[in-house]
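Inspection log for the structure reproduced underneath, given as structure tokens.
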Amino acid sequence: MTIILSEHGPQDVAAQVGDGGALWLDRQTCADVSGWELKPEGLCRGDICVPVAQGSGAQYVREEQIDLAGFWGHMNKPFAKSRDNAVWAFGEAAAVRATELESLEAPDFSLPDLDGNPHALSDFRGQKILLATWASW
Amino acid sequence: MDNDIEAARPWIEEAKPTYPVLIDREHRVAELYDMINVPQAVWIDEQGRMVRPAENAGAFEAFRALNFETGSVPDAVAAVAGQARATYLAAIGDWIEKGADSIHAFDDATVRLHLGDANEDFAHAHVLFRLGIYLRHGGSDSEADECLAEASRLHPKSWNIWRQAADTLENGLAAGPDFWARVTALGTEHYYPPVDMAGMPKDPPPPVG
Numbered sequence: 629m630t631i632i633l634s635e636h637g638p639q640d641v642a643a644q645v646g647d648g649g650a651l652w653l654d655r656q657t658c659a660d661v662s663g664w665e666l667k668p669e670g671l672c673r674g675d676i677c678v679p680v681a682q683g684s685g686a687q688y689v690r691e692e693q694i695d696l697a698g699f700w701g702h703m704n705k706p707f708a709k710s711r712d713n714a715v716w717a718f719g720e721a722a723a724v725r726a727t728e729l730e731s732l733e734a735p736d737f738s739l740p741d742l743d744g745n746p747h748a749l750s751d752f753r754g755q756k757i758l759l760a761t762w763a764s765w
Numbered sequence: 012m013d014n015d016i017e018a019a020r021p022w023i024e025e026a027k028p029t030y031p032v033l034i035d036r037e038h039r040v041a042e043l044y045d046m047i048n049v050p051q052a053v054w055i056d057e058q059g060r061m062v063r064p065a066e067n068a069g070a071f072e073a074f075r076a077l078n079f080e081t082g083s084v085p086d087a088v089a090a091v092a093g094q095a096r097a098t099y100l101a102a103i104g105d106w107i108e109k110g111a112d113s114i115h116a117f118d119d120a121t122v123r124l125h126l127g128d129a130n131e132d133f134a135h136a137h138v139l140f141r142l143g144i145y146l147r148h149g150g151s152d153s154e155a156d157e158c159l160a161e162a163s164r165l166h167p168k169s170w171n172i173w174r175q176a177a178d179t180l181e182n183g184l185a186a187g188p189d190f191w192a193r194v195t196a197l198g199t200e201h202y203y204p205p206v207d208m209a210g211m212p213k214d215p216p217p218p219v220g
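Protein chains in written order, with our numbering: chain A, 629 to 765; chain B, 12 to 220.
Here you go:
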């Protein structure tokens with residue numbers, strides 16, 4: 629099995645490493661780990677749909693399988709993998725993050741406290757928030 | 012910004028905060044908000060709008076003047092640090108009281124002016140950091156070190172990445188000789204860039220102690 633570091637933490641999934649660094653996932657797995665779903669319009673997440681490349685050239689959709697690495701490269705989003713192809717991490721493009729910040733909406737996130745209870749920024753809508761960082765190191 | 016809950020725990024338990032303290036092992040907040048060091052802060056209003064984007068939270072790099080023998084910094088340097096901190100805390104208080112009318116609350120254009128440019132190397136660094144941290148926890152130390160070193164190479168200004176990784180690379184605190192060498196290499200560049208805030212001292216980095 630392959631570990632994919634998703635927004636929801638590491639997920640152990642069935643995947644096939646293919647030629648040229650491809651990572652083939654079935655459509656459900658792709659949706660689970662990346663939030664991108666295969667629909668008739670293409671690969672979609674939220675309001676955005678990316679038409680699937682047809683014909684010659686790099687194809688990242690094959691039957692009902694998605695090459696997430698190929699799709700990620702096509703979208704100019706960064707990803708990395710361990711040398712043995714056992715662990716993959718898919719990140720967001722800087723341009724996308726920058727656009728989010730330019731909207732001036734504070735990006736939402738959810739993280740656990742010391743007891744493991746999750747807290748989301750959006751839980752505190754309606755209050756002023758000072759989001760401050762620190763570290764033990 | 013801590014990988015290791017147990018490293019963070021004593022600090023949290025000592026402080027007994029009345030607000031949530033979250034454990035961000037993968038430095039996700041740093042990636043979302045384009046942060047590079049601690050302490051940094053973002054001010055967010057009741058509607059979820061950023062009033063002040065990620066900035067140095069009133070820290071001053073007094074430590075650069077640390078005298079290793081006495082373990083202290085010159086009084087004048089400590090005073091600047093005290094003024095910086097007091098100014099930042101007072102500004103927060105002003106905003107709590109006055110909201111958008113506070114002089115410290117940025118208008119839209121000013122918030123945008125303070126946002127950094129999109130840098131795809133940094134995005135790549137963040138993903139390598141997540142991978143490296145995961146590999147380290149799984150015991151693949153040497154491959155983890157490579158990922159983390161490459162992450163630092165791609166995002167050299169991120170002290171978050173470098174210092175969190177330094178736990179592994181130096182086998183100790185992230186304040187060993189490598190840290191001091193990296194700080195010294197800054198020269199006249201700031202470790203904590205001065206906050207754009209009325210009343211904030213704009214002193215240059217203090218000379219090495």
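The C-beta atom is built at its ideal place from N, Cα and C for all residues, glycine as well.
#### Entry: Contact list for the segment 738-760 of chain A against chain B, Cβ threshold 8 Å
Leu739, Pro740, Asp741, Leu742, His747, Leu749, Ser750, Arg753, Gly754, Gln755, Lys756, Ile757, Leu758, Leu759, Ala760
#### Entry: DSSP-derived helix/strand/coil call for B/Trp191
helix
#### Entry: Same chain, Cβ closer than 6 Å to A/Ser750, neighbours up to 5 away in sequence not counted
Asp736
### Query
If you measure from the beta carbon of A/Ser684 to each beta carbon in chain B, is any gap under 8 Å?
Residue placement at A/Ser684 is flagged as unreliable, the pLDDT there being 46, under the threshold of 50; the coordinate-derived value follows with that caveat. Not closer than 8 Å to any Cβ of chain B, the Cβ of A/Ser684 fails to qualify, so no.
### Task
Let me know the beta strand (DSSP E) ranges lying completely inside the segment 659-696 of chain A, each 3 residues or longer, listed in chain order.
665-667, 670-673, 676-678, 693-695
### Query
When Cβ atoms are compared, which residues of the segment 129-149 of chain B fall closer than 7 Å to chain A?
Ala129, Asn130, Glu131, Phe133, Ala134, His135, His137, Val138, Leu139, Arg141, Leu142, Tyr145, Leu146
### Task
Determine the direct distance from the alpha carbon of B/Pro217 to that of B/Thr98, and round the result to whole angstroms.
19 Å
### Query
Looking at B/Asp45 and A/Leu729, is the spacing between their C-beta atoms short of 8 Å?
yes
### Query
Alpha carbon to alpha carbon, what distance is there between A/Glu665 and A/Gln656?
8 Å
### Span separating the alpha-carbon of B/Asn67 from that of B/Gly210
15 Å
### Query
Can you give the beta carbon distance from A/Leu651 to A/Ala697, rounded, assuming they're within the 8 Å contact cut?
4 Å
### Query
In angstroms, rounded to a whole number, what distance separates the CA positions of B/Gly149 and B/Pro28?
32 Å
### Query
From what residue to what residue does the alpha helix (DSSP H) around B/Glu131 run?
131-148
#### Entry: Closer than 8 Å to chain A by CB, B/Ala185
yes
### Task
Please name the residue, chosen from B/Ile34, B/His125, B/Ile172, B/Met12, that lies closest to A/Asn745 on a Cα-to-Cα basis.
B/Ile34
### Message
Against chain A, does B/Ile34 count as a neighbour if the rule is that its beta carbon must be under 8 Å from one of theirs?
### Response
yes
### Query
Does the beta carbon of B/Asp56 come closer than 8 Å to any beta carbon on chain A?
yes
#### Entry: Contacting positions in the segment 637-664 of chain A - beta carbon closer than 8 Å to chain B
Pro638
### Task
State yes or no: is the beta carbon of B/Leu156 nearer than 8 Å to at least one beta carbon in chain A?
It should be noted that the sequence gives Asp, not Leu, for residue 156 of chain B. No, B/Asp156 does not count as interfacial toward chain A.
### Task
Grab the span of the beta strand (DSSP E) containing A/Glu730 for me, first residue to last.
Here A/Glu730 belongs to no beta strand (DSSP E); instead the alpha helix (DSSP H) covers 722-730.
#### Entry: Reduced DSSP secondary structure (H/G/I, E/B, other) of B/Thr121
helix
### B/Gly110 in three-state terms, based on DSSP
helix
### Task
Run down chain B in chain order and give the residues with a C-beta less than 8 Å from the C-beta of A/Gly719.
Glu42, Ala134, His135, His137, Val138, Arg141
### Query
First and last residue of the beta strand (DSSP E) that includes B/Val62?
61-67
#### Entry: Counted within 10 angstroms of its Cβ, other Cβ atoms place B/Met61 as buried (16 or more) or exposed
buried
### Query
Taking A/Ser710 as the reference, which of B/Ala95, B/Leu146, B/Gly127 has the closest Cα?
B/Leu146
### Task
Please determine, among A/Gln639, A/Leu732, A/Leu633, A/Met629, the residue with the shortest C-alpha to C-alpha distance to B/Gln58.
A/Leu732
### Query
For A/Ala643, which residues from the same chain have a beta carbon less than 6 Å from its beta carbon, with the 5 sequence-adjacent residues on both sides left out?
Thr630, Leu651, Leu653
### Query
When you compare only the Cα positions, how much space is there between B/Thr121 and B/His115?
11 Å
### Query
Which one of B/Tyr203, B/Thr195, B/Met208 has the shortest CA to CA distance from B/Gln51?
B/Tyr203
### Query
Helix or strand or just coil, what does DSSP make of B/Glu80?
coil
### Query
Apart from the five residues just before and just after A/Gln693, which ones in its own chain have a Cβ nearer than 7 Å to its Cβ?
Trp652, Leu653, Asp654
### Task
Compare the C-beta of B/Asn182 against all C-beta atoms of chain A and say whether one is closer than 8 Å.
Bear in mind that a pLDDT of 47 at B/Asn182, under 50, signals an unreliable position, so the number given afterwards is only what the model happens to contain. With 8 Å as the cut-off, B/Asn182 does not count as an interface residue toward chain A.
### Query
What did DSSP end up calling B/His201 once you bin it into helix, strand or coil?
coil
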